[in-house]
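These notes are about the structure you will find just below.
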Amino acid sequence: MTQSPTANWNYPTAVKFGAGRIKELSQFCKDLGFKNPLLVTDPFLATQPMVADAVASLKAAGLGIAVFSDIKPNPVDSNIEAGLKVYRAGHHDSVIAFGGGSGLDAGKVIAFMAGQTRPMWDFEDIGDWWTRADPNGIAPVIAVPTTAGTGSEVGRAGVITQESTHTKKVIFHPGMMPKITICDPELTVGMPQKITVGTGMDALAHCLEAYCSPFYHPMGEGIAVEGIRLVKEALPRAFKNGHDLAARADMMSAAAMGATAFQKGLGAIHALSHPVGALHDTHHGMTNAVFMPYVLVFNRRAIETKIARLAAYIGLEPSFDAFLAWVLELRRELGVPHTLKEFGVGKENFATMSQMAPEDPTAGGNPIPLTEADALVLFEKAFSGEV
Ligand SMILES: NC(=O)c1ccc[n+]([C@@H]2O[C@H](COP(=O)([O-])OP(=O)(O)OC[C@H]3O[C@@H](n4cnc5c(N)ncnc54)[C@H](O)[C@@H]3O)[C@@H](O)[C@H]2O)c1
Ligand SMILES: [Fe+2]
Numbered sequence: 040m041t042q043s044p045t046a047n048w049n050y051p052t053a054v055k056f057g058a059g060r061i062k063e064l065s066q067f068c069k070d071l072g073f074k075n076p077l078l079v080t081d082p083f084l085a086t087q088p089m090v091a092d093a094v095a096s097l098k099a100a101g102l103g104i105a106v107f108s109d110i111k112p113n114p115v116d117s118n119i120e121a122g123l124k125v126y127r128a129g130h131h132d133s134v135i136a137f138g139g140g141s142g143l144d145a146g147k148v149i150a151f152m153a154g155q156t157r158p159m160w161d162f163e164d165i166g167d168w169w170t171r172a173d174p175n176g177i178a179p180v181i182a183v184p185t186t187a188g189t190g191s192e193v194g195r196a197g198v199i200t201q202e203s204t205h206t207k208k209v210i211f212h213p214g215m216m217p218k219i220t221i222c223d224p225e226l227t228v229g230m231p232q233k234i235t236v237g238t239g240m241d242a243l244a245h246c247l248e249a250y251c252s253p254f255y256h257p258m259g260e261g262i263a264v265e266g267i268r269l270v271k272e273a274l275p276r277a278f279k280n281g282h283d284l285a286a287r288a289d290m291m292s293a294a295a296m297g298a299t300a301f302q303k304g305l306g307a308i309h310a311l312s313h314p315v316g317a318l319h320d321t322h323h324g325m326t327n328a329v330f331m332p333y334v335l336v337f338n339r340r341a342i343e344t345k346i347a348r349l350a351a352y353i354g355l356e357p358s359f360d361a362f363l364a365w366v367l368e369l370r371r372e373l374g375v376p377h378t379l380k381e382f383g384v385g386k387e388n389f390a391t392m393s394q395m396a397p398e399d400p401t402a403g404g405n406p407i408p409l410t411e412a413d414a415l416v417l418f419e420k421a422f423s424g425e426v
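So the sequence shown is numbered by my numbering: it starts at 40 and just counts up by one.
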């Protein structure tokens, strides 16, 4: 008898998608019963008109509001502790997580921790550790992404760096999913080209790794292939003209699709990238973009047929080589460094990072099991540029 598959599928939250929809923020707060939200963002965005406008509109609507922005790109545990102090001292009842992945993750984790009694690291995404959390202690969140990449706005996790071990860790709970997400592509038009590329390549990495992961999730797989097609059509346009709102909208969609799809799993791109981000403080998405072709070739024997099918769907010749050539050309067009060396990452931490990569929670989704020795070879290849 053949066995029929069993799986857990979770689909995103209420997504309010469209240019200008940030104007509905106060109404959404009221709909959810927020009276005194804490807006969590990063220090740069805190100085920008989009945050000032949001704060003004919330005040005008009679809501109590404060801003917490003392977070690093790749937020760290002490940022969460500081945010929690502000949240509790201000008697806030909810969080508006506003920003790129860093602001979104920090906001979501502060809201998650608001009413917990155990320390944050007790809720790392390991086994069923999330069941240790008190679901009644999780404050509700509205998410407002300002980059188009991480998809954290539709995700149930936050990535926080543990300062004592320099390790990026995932804090997970199903209740961390924002209640409402406002995907307003107008908020992304001011992204500098480098951030457009880095975040866009993160969306691509999410879709690609989800598609290649061996777990059973046909819906996730379908979302991933359309996400990849959107990146192919829209990322070069958003790169050339940041004000192309149609391209920005497609990228915002691809980002949310990537994070929806990666319930199916991620893989070695992320497993290699996380230690580099933790030890060298590089941009997450750009780091993924550097590793992408090396990991594709490493996985070739497991994914060749599948990638040929994907290549056909996105309008390429149906072969692994055509897909690889497209990835290499896209990186060139967008100015992604081809090697770790060009990216400014030296060899000094290769041994440590090769131990860390297979331990990263994303490594388990790679179609070929990633060993320490494999990771070292991949770091060396990405350094020398030998795809
Ligand atoms: N939760 C998840 O599922 C998930 C997935 C992938 C990555 N991440 C995490 O997300 C973080 C990276 O997020 P990111 O790539 O969005 O970058 P980011 O949030 O760190 O932002 C990068 C820079 O862009 C600026 N910026 C953001 N929006 C802007 C805008 N509209 N205009 C101009 N500048 C803008 C920020 O101020 C910052 O200086 C990492 O910590 C990564 O680990 C989380
Ligand atoms: Fe990512």
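Quick reminder that beta carbons are idealized off the backbone N, C-alpha and C, glycines included.
| Under the criterion of a Cβ to heavy atom distance below 7 angstroms, does THR189 qualify as lining ligand 2? | THR189 Cβ: within cutoff of ligand 2.
| query | Identify the residues that DSSP records as bridge partners of ILE219: which are they? | reply | Beta bridge pairing from DSSP links ILE219 with ALA53, ILE181.
| said: For TYR126, count the other beta carbons within 10 Å of its own beta carbon; 16 or more makes it buried, fewer makes it exposed. Which is it? | reply: Buried, by the Cβ-count rule.
| query | What's the gap between the Cα of MET395 and the Cα of PHE83? | reply | Their backbone Cα atoms lie some 31 angstroms apart in a straight line.
| message | Rounding to the nearest angstrom, what Cα-Cα distance links HIS212 and ALA172 in this structure? | response | One C-alpha to the other measures close to 8 angstroms.
| Is it the case that the Cβ atoms of ASP144 and PRO184 are separated by a distance below 8 angstroms? | Cβ atoms of ASP144 and PRO184: not closer than 8 angstroms.
| Pairing CB atoms from the region 375–389 with CB atoms from the region 292–307, are three or more of them under 8 angstroms? | Below 8 angstroms, too few C-beta pairs join the region 375–389 and the region 292–307 to call them touching: fewer than three.
| So what does GLY200 bridge to, in DSSP terms? | For clarity, residue 200 is Thr in the given sequence; the question names Gly instead. Residue pairing by DSSP places THR200 opposite VAL115, LYS207 in a beta bridge.
| query | Based on Cα-Cα distance, which residue from ILE181, PRO112, ILE177, GLY166 lies nearest to LYS55? | reply | LYS55 has its Cα closest to that of ILE181, out of ILE181, PRO112, ILE177, GLY166.
| said: By alpha-carbon positions, which one of VAL329, GLY59, ALA347 ends up nearest to ASP360? | reply: In terms of Cα proximity to ASP360, the closest of VAL329, GLY59, ALA347 is ALA347.
| message | Tell me the residue span of the beta strand (DSSP E) that contains PHE137. | response | It spans 133–138 - the beta strand (DSSP E) in which PHE137 sits, taken as one unbroken run.
| query | Which value, in whole angstroms, describes the spacing of the CA atoms of ALA455 and TRP168? | reply | Shown here, the chain extends from 40 to 426; a query on residue 455 therefore has no answer.
| query | Rounded to whole angstroms, how far is the Cβ of PRO400 from the Cβ of VAL198, which I believe are closer than 8 angstroms? | reply | Rounded, the Cβ-Cβ distance is 10 angstroms, inconsistent with contact.
| request: Just the C-alpha distance for GLY101 and PRO158, rounded to the nearest angstrom, thanks. | output: Distance between the alpha carbons of GLY101 and PRO158: 34 angstroms.
| message | Suppose you measure from the CA of ALA244 to the CA of HIS256; what does that come to, to the nearest Å? | response | Rounded to whole angstroms, ALA244 to HIS256 spans 17 angstroms at the Cα level.
| request: Would you mind working out which of ILE119, PRO179, CYS246, PRO253 sits nearest GLY297, comparing C-alpha positions? | output: Between GLY297 and the set ILE119, PRO179, CYS246, PRO253, the nearest pair of CA atoms involves CYS246.
| request: For the alpha helix (DSSP H) holding PHE389, just list the boundary residues, first then last. | output: First-last of the alpha helix (DSSP H) with PHE389: 389–398.
| task | Could you name the residues of the same chain whose beta carbon sits closer than 7 angstroms to that of ARG339, not counting the 5 residues immediately before and after it, in chain order? | result | Within the same chain, and ignoring the five residues on either side of ARG339 in sequence, the residues whose Cβ sits closer than 7 angstroms to its Cβ are PHE359.
| task | Report all residues from its chain with a CB closer than 7 angstroms to the CB of GLY103; omit the five preceding and five following residues, and keep chain order. | result | Correct list, in chain order: LYS74, ASN75.
| DSSP state of PHE107 mapped onto helix, strand, coil | PHE107 falls in the strand class under three-state DSSP.
| Does any heavy atom of ligand 2 sit closer than 7 angstroms to the C-beta of HIS322? | Not one heavy atom of ligand 2 is found less than 7 angstroms from the C-beta of HIS322.
| said: In the DSSP output, which residue or residues are listed as bridge partners for VAL79? | reply: Looking at the DSSP output, VAL79 shares a beta bridge with PHE107, ALA136.
| Reference ALA307, options GLN42, GLY129, VAL90, PRO408, closest by Cα | The candidate whose alpha carbon is nearest that of ALA307 is PRO408.
| query | Is there a Cβ from chain C that is less than 8 angstroms from the Cβ of GLU225? | reply | Note that chain C does not occur in the displayed structure, where there is just one protein chain.
| said: From the DSSP secondary-structure annotation, give me the bridge partner or partners of GLU425. | reply: According to DSSP, GLU425 bridges with nothing at all.
| request: Go to VAL270, then tell me how far its alpha helix (DSSP H) extends in each direction, as first and last residue. | output: Counting along the chain, the unbroken alpha helix (DSSP H) around VAL270 starts and ends at 257–279.
| task | Put GLU163 into one of helix, strand or coil per three-state DSSP. | result | In the three-state DSSP reduction, GLU163 falls in the strand class (E or B).
| message | Can you tell me whether ASN405 is helix, strand or coil according to DSSP? | response | Correct three-state label for ASN405: coil.
| Simplified DSSP assignment, three categories, for LEU335 | Correct three-state label for LEU335: helix.
| Beta-carbon contacts of CYS68 that lie in its chain and below 8 angstroms, excluding the five residues immediately before and after | If we look at CYS68 and ignore the five residues flanking it on each side, its Cβ neighbours are PRO76, LEU97, ALA100, LEU102, SER133, ILE135, ILE181.
| request: Specify whether the region 219–227 and the region 145–164 touch according to this definition: at least 3 beta carbon pairs, one from each stretch, less than 8 angstroms apart. | output: By the Cβ criterion, the region 219–227 is not in contact with the region 145–164, since fewer than three pairs of Cβ atoms, one from each stretch, lie closer than 8 angstroms.
| Alpha carbon of VAL236 to alpha carbon of THR170, nearest angstrom | Spanning the two alpha carbons is a distance of roughly 37 angstroms.
| field | Test item: CB-CB of GLY316 and ASP241 under 8 angstroms | value | With contacts defined as CB atoms closer than 8 angstroms, GLY316 and ASP241 fail to qualify as a contacting pair.
| task | Taking all protein chains shown into account, decide if ILE119 is buried (16 or more other Cβ within 10 angstroms of its Cβ) or exposed. | result | Under this definition ILE119 is a buried residue.
| Taking 7 angstroms as the cut-off, is the CB of ILE181 close to at least one heavy atom of ligand 1? | No, the beta carbon of ILE181 sits no closer than 7 angstroms to any heavy atom of ligand 1.
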